[in-house]
Each structure stands twice: as structure tokens, then as C-alpha cells.
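Report on the following structure.
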Amino acid sequence: MRPFMTLALVTIAACGAASRGVTTSVKAGGSAPTVTGTAVLGVGDVFDVRVFGEDDMSGTYRISPDGTIDFPLIGKVAADGETAGSLSGILATSLAKYLKSPSVSVFVKEYNSKKVFVLGQVKAPGTFPYEQHMNIVQAVTMAGGFDKLADQNATSVTRVVDGREQRMKVAVTDIGEGRAPNFELRPGDIVFVPETLF
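In C-alpha cells, the structure reads:
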């Protein structure tokens, strides 16, 4: 397949795999929520908080350099190091002093405290914010797509697991053409696209 056709397929696949955040909901006095995402929040991360029936308390928050957010009624709340689920529980418990059985949902929009790196033969190599369930097609697209010298099927992902570096080869062309499943990234992953050897 020609390079420009492959890039088109990659872009389409990325659009289909839109950024997904983590949503959890907790009601004060209720049982602990089932949390589908366990990524830890950090400084600079952005999330929406929704308090059912209390629109004036719902809004978008960014964790400040001191690791907190300033929330209505409650004041400063430590968010650094929490998950979406644990933070929604903290907010619900604190709001229960002022509201009757508050139901709180937290939806993470941006994991700016966590990064992925896309290097090599892409149009705009660099460091990009990690997003929950981010895949390699999204990462390459954020880096502007492959350049004309890219050996797309020789793309590698370097990851540190338990203090040891692992390198995995990912056939991105095959993913774009539907012949292979997408590859989910983790915070800190390094995506490297080598040059085609003629």
C-alpha cells in the first residue's frame, strides 16, 4: 500500500479511537464504586466534577502545583496521587457535611502529569500528554503522522516494567489496514519510528 494511503487509514483509525477519559461516580454513604480506570492523578491533570443536582458546584478543575484543587464549600482538596474513583469518594464524603447524600462523578480529561514520547520518522516528534487508553495510532497521529522515510511496520515501543526496559515491535501499517489489533500505550512509553532501509 502506498504511504499516503496508509497514513489516511491511520488517521481514520485514530479518529475512531477517540480520547477516552475515566469516569467514576460515588454517592455519599453508598458502597465503594467499581473503578474501570486506576490511573493516578498528578499535578497539571484536568478533570470534570459533576455533583448531581448541584450545577453551581460542577465544573472543570486542574490540579495545582501544590497538588490540590479549590472546590466550592470544601476549599482545598488534595488530588495529587488519587485516582478518579478515590477522588470522587473524597469529594462526596466532604460534601455530605453540607448536602444530603451528594452524588459525585469525576471524569478525567487530560493526564498532563504523564507523558508519552514519539520519536524518529514522524512529522512532529516530541512529548505528548498521555490519555487514558491511548493507543499507538493516536500517538503517531498526534506527532503529525509518519514522514515519507518511515518504516511503519518496524515501529517500536520501549517501556519500563518493574525497573527493567522492554522493547516491543509494533506493526503500525498492519493496524491501520485492520490486519492487527491496536496497541495500547502506557505513561512513559517511548514510540520510535525508524527510517526505511532501501
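Quick note: the sequence shown uses our numbering, first residue 51, plus one each step.
Using N, Cα and C, we set each Cβ at its ideal position, and we do this for glycine too.
On a predicted model such as this, the values are computed, not experimentally measured, just so you know.
- Message: Less than 6 Å between C-beta atoms, sequence neighbours within five positions excluded: which residues of the same chain meet that for PHE242?
- Response: By 1-based counting over the sequence shown, the position of residue 242 is 192. Once the five neighbours on either side are set aside, the close Cβ partners of PHE242 are LEU169, GLY170, SER206.
- Task: Could you tell me the distance, in whole angstroms, from the CA atom of GLY103 to the CA atom of LEU149?
- Result: Within the sequence shown, numbered from 1, the residue matching residue 103 stands at position 53. Within the sequence shown, numbered from 1, the residue matching residue 149 stands at position 99. So the alpha carbons of these two residues sit roughly 10 Å apart.
| request: Return the CA-CA distance between LEU145 and ILE124, expressed in angstroms with no decimal places. | output: Here residue 145 corresponds to residue number 95 of the sequence shown, with the count starting at 1. Here residue 124 corresponds to residue number 74 of the sequence shown, with the count starting at 1. Distance between the alpha carbons of LEU145 and ILE124: 7 Å.
Q: Kindly indicate which residue of PRO122, GLY92, ALA174 has the alpha-carbon position closest to the one of LYS164.
A: Start at 1 with the first residue of the sequence shown, and residue 164 comes out as number 114. For LYS164, the closest of PRO122, GLY92, ALA174 by C-alpha to C-alpha distance is GLY92.
Taking 7 Å as the limit between beta carbons, can you name the residues of its chain near ILE119, skipping five residues before and five after?
Walking along the sequence shown from the start, residue 119 turns up at place 69. Only TYR111, ILE113, VAL127, ALA129 meet the Cβ criterion.
### Message
Just to confirm the assignment: which complete alpha helix (DSSP H) runs, minimum length 4, are found wholly within the stretch 183-209?
### Response
If we require 4 residues or more, the alpha helix (DSSP H) runs fully inside the stretch 183-209 come out as 186-192.
Practice prompt. Identify every residue that forms a DSSP beta bridge with MET107.
Written response: As a position in the sequence shown, residue 107 is number 57, starting the count at 1. None; MET107 has no bridge partner.
Go ahead and pull the three-state DSSP assignment for ALA174. Residue mapping note: residue 174 aligns to position 124 of the sequence shown, counting from 1. When DSSP states are grouped into helix, strand and coil, ALA174 belongs to the coil group.
Practice task
Confirm, please, whether the CB-CB distance from ALA189 to LEU235 is below 9 Å.
Solution key: On the sequence shown, position 185 is the one that residue 235 refers to. On the sequence shown, position 139 is the one that residue 189 refers to. Contact: yes.
**Study point:** Nearest to PRO244 (by Cα), restricted to the options ARG209, ALA89, ARG214, GLN202
**Key:** The residue you call residue 244 lines up with position 194 of the sequence shown. For the options ARG209, ALA89, ARG214, GLN202, the alpha carbon positioned closest to that of PRO244 is the one of GLN202.
**Item:** GLY139 in three-state terms, based on DSSP
**Value:** Here residue 139 refers to the residue found at position 89 when the sequence shown is read from its first residue. Per DSSP, reduced to three states, the secondary structure at GLY139 is helical.
Notebook entry, point to check: Should ALA174 be labelled buried (16 or more other beta-carbon atoms within 10 Å of its own) or exposed?
Noted result: As a first step, residue 174 is located in the sequence shown; it is residue number 124 there, counting from the start. By the neighbour-count rule (16 or more Cβ atoms within 10 Å), ALA174 is not buried but exposed.
How is ASP130 classed by DSSP in three states: helix, strand or coil? Here residue 130 corresponds to residue number 80 of the sequence shown, with the count starting at 1. Coil, per DSSP.
- Task: Quick one: grab the DSSP three-state call for LEU169.
- Result: The residue labelled residue 169 in the question sits at position 119 within the sequence shown. Annotated three-state conformation of LEU169 is strand, per DSSP.
Just checking my contact of ASP197 with LYS159 at CB under 8 Å: how many whole Å lie between their CB atoms? If you number the sequence shown from 1, residue 197 lands on position 147. If you number the sequence shown from 1, residue 159 lands on position 109. A Cβ-Cβ distance of about 30 Å is found for the pair ASP197 and LYS159, leaving them out of contact under the 8 Å criterion.
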